[in-house]
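Numbering (my numbering), first residue to last: 95 to 250.
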């Protein structure tokens, strides 16, 4: 089994109380349960914001997560290279599970992974492919697809 398989192998029925095997960072939730902005800080002090916002359809959302630290001010989608990618992704997926639980009518979520300089020649970024693999493992009953550089999860 791959390392991703070991990390995200726990089956879930979309309940936030069923986390992946990777321990997640402490999540700062919005002040109201229907809020769209979550925060967490990694063990190495990197601050993240996860924003789940409406697209055009009221039942579709876009997942946007970025780094807030000043050292990354010129690129909020920077690769931090702090060795915490699995825990960061597990935390983002836990936030998504919490959001799904609080918004049961929303059926579709979209993600666009930023390209690294060296992979701009390909249609789908490494980040999009990585996140979609993690989505499939965390939400096995849902449909996850990649269209261009967009990862889309449809809740079932």
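Every residue gets a Cβ at the ideal spot worked out from N, C-alpha and C, and that includes glycine.
(message) Tell me whether residue 139, by its Cβ, gets closer than 6 Å to a heavy atom of the ligand COA.
(response) This structure lacks the ligand COA; in fact it carries no ligand of any kind.
(request) For residue 144, count neighbouring C-beta atoms within 10 Å of its own C-beta (all shown protein chains included) and say buried if the count is 16 or more, exposed if not. (result) buried
(request) Could you say which of 118, 237, 250 and 194 lies nearest to residue 181 if we only look at CA atoms? (result) Selected option, being the one with the closest Cα: 118.
(request) Measure the C-alpha to C-alpha separation of residue 152 and residue 235 and round it to an integer number of angstroms. (result) 22 Å
(message) Distance check for residue 209 and residue 185, CA to CA, integer angstroms please.
(response) 21 Å
(request) Select from 245, 190 and 232 the residue whose C-alpha is nearest the C-alpha of residue 130. (result) For the options 245, 190 and 232, the alpha carbon positioned closest to that of residue 130 is the one of 190.
(request) Go through the region 127 to 198 residue by residue and report every complete run of the alpha helix (DSSP H) that reaches 4 residues or more, in order. (result) Whole alpha helix (DSSP H) segments, 4+ residues: 179 to 196.
(request) In the DSSP assignment, find the unbroken alpha helix (DSSP H) run with residue 222 in it and report its ends. (result) 220 to 232
(request) From the DSSP output, in three-state form, read off residue 236 for me. (result) coil
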